[in-house]
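Worksheet: one structure, shown below.
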RNA sequence: GCCUCCAUCGUCUAGCGGCCCAGGACGUGGCCCUCUCAAGGCCAAAACGAGGAUUCGAAUUCCUCUGGAGGCGCCA
């Protein structure tokens, strides 16, 4: 398996039928990592042969999602390349030519069965508890006759002619060889009646023409791998190394995520869709790290990986074939961890949209100042406004209820405000070096607990019960405003006491 | 129903015959630290699905069962 040191040519080939989700993101990531690690080529190919399921916005979302994750490609629909076009919808004739070749050499045939007949046949088979498959009705129509019917305008599909006896052995890198009875391999349709090739044909053709060396794809393709092997063999082409990734299971581990369940997730602040995750306050470094470790591992203790670490350490040998349940609380862990690794100026810019979405007018200077102190206290970018929104308010409106600390009377809290005001106003500035030591002395002098005194000040100055650290925050707000707010709090407390 | 794949703590996983009465992480519980919320530190509970076989020795190899998953579209 040390073949991963040779430059590979790999591809991520999504269909533009929906949104990019975690599974797709991981498949793309592994392909990307293998390409980068080996100095190979990563290709993005859009598999849009099904115009019924085509979603106009999907290609853009896929591209944006991948870019957000930090994944880029060498060749693709948006940047071209020597083996283009990279949208299957622009390669129709290529597939048709190959299909014709298969027909001519006897490895495929025209089928004129109507969808109705097929449906009836399937129902009958299911009643008889057989596995649904094509009965071979058109398999032996002489080619000349079939061609006449085609020429006459009869509707047809093209089916691959699977062997009716013997076995086929295929090899997946993670699972080794697997052998299947050829009778289990249906005569799959490879070209639809509308003239478009199906995945089974199109993907094989493209992978060959694009000289793909390693196919890393989802394990939902495992069951059709024998078919793919047969098609490639019939064409006399070289087979790529097959790597089928395990599926992602819902958090309970019971089955794949359904549409309904995906929607429900959002209520808990989670999502399987990449663009949602971005809006939810997750940073791509965390998401990448998280999905990289679902189905792959490096050793028995390393778990924090930046993209460059992944490129260096990724290897096919450590891929795990068993299905993995999605664990969102672990994503939360990675998110907080990676947020704390961000440079303050980086974090500042990333927090910006979250503040503005909450209606705060931000400025870069303040953002940069608060970044280091919010950094330690948030698990997601979305938490920043709640933690530090007060920095962007001209005034705060603390409630009397919040100002009154546990175990203290209103009068005592007013007194705390009053004495703090006196003390702090006599200092040149307020920060952790000047102000905090003096205030701690005051706490002792008043015979109170730090939490009580600082609690009053926190609510007075920030208007919040939970905020960034007090003295760091006061330093940023500035002495003048801080004193103003403490005075207001005192007045509020005194007035409510009477 | 048929075919295929998978199987270590609740979850993600390390383990590729002796280093394992199984290691790490998330989560959970406790303690410490503490101006709030977090973070951090320390500790704890927590797993080799079952049964056979091979072997001096098995989580690691083989078989059976069980459980789970995926597929069986003119979708990808």
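Residue numbers (the numbering used here): 62 to 559.
Think of the CB as a built atom: it goes at the ideal place given N, C-alpha and C, for glycine as much as any other residue.
Put residue i into one of helix, strand or coil per three-state DSSP.
i, result
"residue 238", "strand"
"residue 211", "helix"
"residue 403", "coil"
"residue 298", "coil"
"residue 390", "helix"
"residue 78", "coil"
"residue 309", "strand"
"residue 220", "strand"
"residue 601", "Past the boundaries of the shown model lies residue 601; the chain is included only from 62 to 559, so the question cannot be answered."
"residue 304", "strand"
"residue 63", "The pLDDT assigned to residue 63 is 43, lower than 50, so where the model puts this residue is not dependable, and the model offers no usable value."
"residue 341", "coil"
"residue 509", "coil"
"residue 535", "helix"
"residue 84", "helix"
"residue 450", "helix"
"residue 368", "helix"
"residue 530", "coil"
"residue 156", "helix"
"residue 118", "coil"
"residue 319", "coil"
"residue 437", "coil"
"residue 194", "coil"
"residue 186", "helix"
"residue 200", "coil"
"residue 419", "coil"
"residue 525", "coil"
"residue 68", "coil"
"residue 560", "Only positions 62 to 559 of the chain appear in this structure, which leaves residue 560 out of reach."
"residue 564", "Any question about residue 564 goes unanswered here, given that the chain covers just 62 to 559."
"residue 110", "coil"
Please name the residue or residues paired with residue i in a DSSP beta bridge.
i, result
"residue 496", "492"
"residue 137", "141"
"residue 73", "105"
"residue 560", "Look at the range of the chain in this structure, 62 to 559, and you will see that residue 560 is not part of it."
"residue 331", "According to DSSP, residue 331 bridges with nothing at all."
"residue 357", "380"
"residue 172", "218"
"residue 595", "The shown model of the chain, from 62 to 559, leaves out residue 595, and the question about it has no answer."
Closer than 7 Å: is that where the CB of residue i sits relative to any heavy atom of the ligand FMN?
i, result
"residue 227", "Because no ligand of any kind appears in the structure shown, any question about the ligand FMN cannot be addressed here."
Could you say which of the options lies nearest to residue i if we only look at CA atoms?
i, options, result
"residue 142", "68, 223, 270, 109", "270"
"residue 391", "340, 364, 456", "364"
"residue 290", "243, 87, 99, 186", "243"
"residue 293", "105, 315, 266, 306", "266"
"residue 471", "132, 551, 146, 98", "551"
"residue 447", "514, 429, 421", "421"
"residue 339", "429, 78, 82", "82"
"residue 85", "102, 348, 67, 393", "348"
"residue 71", "77, 528, 89", "89"
"residue 309", "279, 476, 394, 197", "279"
"residue 425", "419, 418, 411", "411"
"residue 430", "305, 530, 304", "530"
"residue 523", "307, 457, 377", "457"
"residue 540", "77, 489, 549", "489"
"residue 517", "232, 229, 97, 549", "549"
"residue 120", "148, 246, 135, 100", "148"
"residue 360", "341, 380, 346", "380"
"residue 128", "164, 105, 248", "105"
"residue 94", "131, 78, 416", "131"
"residue 164", "194, 199, 376, 284", "199"
"residue 401", "437, 372, 368", "437"
"residue 323", "74, 75, 80, 67", "80"
"residue 513", "556, 468, 167", "468"
"residue 441", "413, 455, 343", "343"
Could you name each continuous alpha helix (DSSP H) segment of 4 residues or more that falls completely within the stretch 456 to 482, going from the start of the chain to the end? 461 to 464
Complete beta strand (DSSP E) runs within the stretch 244 to 281 (minimum length 3 residues, chain order): 250 to 252, 275 to 279
Could you tell me whether the stretch 156 to 163 touches the stretch 249 to 261, where touching means 3 or more Cβ pairs closer than 8 Å? yes
Is the stretch 500 to 507 in contact with the stretch 452 to 467, if contact means three or more CB pairs nearer than 8 Å? no
Would the stretch 348 to 362 count as touching the stretch 380 to 389 if we require 3 or more Cβ pairs under 8 Å? yes
Within 8 Å, do at least three Cβ pairs link the stretch 297 to 312 to the stretch 108 to 118? no
Taking contact to mean at least 3 C-beta pairs separated by less than 8 Å, is the stretch 170 to 182 in contact with the stretch 207 to 219? yes
Three or more C-beta pairs under 8 Å: does that hold for the stretch 429 to 444 against the stretch 402 to 411? yes
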